[in-house]
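Scroll down for the structure; my scribbles are underneath it.
Numbering (the UniProt record's numbering), first residue to last: 1 to 131.
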């Protein structure tokens, strides 16, 4: 059985490395993109099982990227977790209106991310058929 793929999208190298470590220790395969345009290309070729998407990025921000992912057949139903430092009601509303499945406020604890991974991927160890 293949490991589940998580596409991590952030323009911060540090954030990407931290998130990637969390994914690897939980048994998930990780894909990396540094902006929305790269995320759309990776999602099209790799078909991730989940996308963890930063809101504030160059070229195509997280809200635009989320909307674009929802418009594509391949990623229309892929869970998308938006991550941002802003948790005002208007930001959360804009996130859900863009089509995200859930929202995390940075910085977040590993347990918060683990709970969402379990919710959307259903497996503690990242392989299909477990859990």
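Don't be surprised by glycine CBs; every beta carbon is placed ideally from N, CA and C. Keep in mind it's a predicted model, so treat the numbers as computed, not measured.
Inset, instruction - Any chance you could list the beta strand (DSSP E) runs of at least 3 consecutive residues sitting entirely within the UniProt domain "Response regulatory" (5-121), in chain order? - result: Fully enclosed beta strand (DSSP E) runs of 3 or longer: 5-9, 29-33, 50-54, 80-84, 102-105.
Inset, instruction - Starting from the C-beta of residue 29, find all residues in its chain whose C-beta is less than 6 Å away, skip the five residues before and the five after it, and write them out in chain order. - result: The residues 3, 5, in chain order, have a CB closer than 6 Å to that of residue 29 in the same chain once the five nearest residues on each side in sequence are set aside.
Legend entry - Three-state class that DSSP yields for residue 3 in the structure shown: Residue state, collapsed to three classes: strand.
Legend entry - Three CB pairs or more closer than 8 Å across the region 48-56 and the region 84-91: Contact between the region 48-56 and the region 84-91 is present, because at least three Cβ pairs lie under 8 Å.
Legend entry - Span separating the alpha-carbon of residue 15 from that of residue 44: Rounded to the nearest angstrom, the two C-alpha atoms are 23 Å apart.
Inset, instruction - Within the same chain, show all residues whose beta-carbon is closer than 7 Å to that of residue 70, passing over the 5 residues directly before and after it, in chain order. - result: Exclusion of the five residues before and after residue 70 leaves 76, 99 as the residues of its chain whose Cβ lies within less than 7 Å of its Cβ.
Legend entry - Close Cβ partners of residue 66 (< 7 Å) along its chain, the five nearest in sequence each way excluded: 53, 80, 82, 98, 99, 100.
Inset, instruction - Compute the Euclidean distance between the alpha carbons of residue 129 and residue 7, then round it to the nearest angstrom. - result: Legend: pLDDT at residue 129 = 43, less than 50; position of this residue unreliable, value from coordinates given subsequently. For residue 129 and residue 7, the distance between alpha carbons rounds to 20 Å.
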